[in-house]
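In this note's numbering, the protein residues as written are 400 to 578.
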């Protein structure tokens, strides 16, 4: 519902520009478009709120299960291993890894949703329709190519900097504290 309501925004704006504001604009239609837009904003807010709630609950359950499994595994580890390893450092490392995994999962879920929304909006904007004076029909092809090129550059940059930043964080957080 969140993606669908987000995809409705460009369509509503197109209708408002093409039919309600152009030339001899229909003021009653503009009022209807504003009410529809307000309805979709409310729908988007509620669906994003429910989505966030569901994602948080599922993530907390998964992380709780992971922490419990790690604790059970630590109970089964041999005593000689525990004698060689500082328990506090081991627990800190395990909790830090789970926290990093939690951040990664939350970020990736939202990134996938944002990517789907971005592709959907690009398709909706590039949909053929009755072009009025504000956009040349031949410019749509250039516009679509520009969107695809910008997205390719953005994803390449994110991929490049993601690995760089991940390496930097690993170097920073893997350093042993000074005693």
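In this text, a Cβ means the ideal position worked out from N, Cα and C, and glycines have one as well.
Under the assumption that residue 520 contacts residue 442 (Cβ atoms under 8 Å), give the Cβ distance between them as a whole number of angstroms.
As a working note, residue 520 is residue 121 in the chain shown. As a working note, residue 442 is residue 43 in the chain shown. Rounded, the Cβ-Cβ distance is 16 Å, inconsistent with contact.
Here's the rule: buried if 16 or more other CB atoms are within 10 angstroms of the residue's CB, otherwise exposed. What is residue 415?
Numbered from 1 along the chain shown, position 16 holds the residue referred to as residue 415. Label assigned to residue 415: buried.
Given this structure, state the Cα-to-Cα distance separating residue 426 from residue 511, to the nearest angstrom.
Counting from one through the chain shown, the residue named residue 426 turns up at place 27. Counting from one through the chain shown, the residue named residue 511 turns up at place 112. Cα to Cα, residue 426 sits roughly 39 Å from residue 511.
Between which two residues does the alpha helix (DSSP H) holding residue 404 run?
Translated into the one-based positions of the chain shown, residue 404 becomes position 5. Unbroken alpha helix (DSSP H) run through residue 404: 401-414.
Looking only at C-alpha atoms, which of 492, 546, 464 and 430 sits nearest to residue 517?
Position 118 of the chain shown, counted from the start, is the residue given in the question as residue 517. Closest option to residue 517, Cα to Cα, is 546.
What is the DSSP secondary structure of residue 484, reduced to helix, strand or coil?
Along the chain shown, one-based indexing puts residue 484 at 85. Coil at residue 484, not helix or strand.
Where does residue 425 sit, in a helix, a strand or coil, going by DSSP?
Here residue 425 corresponds to residue number 26 of the chain shown, with the count starting at 1. Coil.
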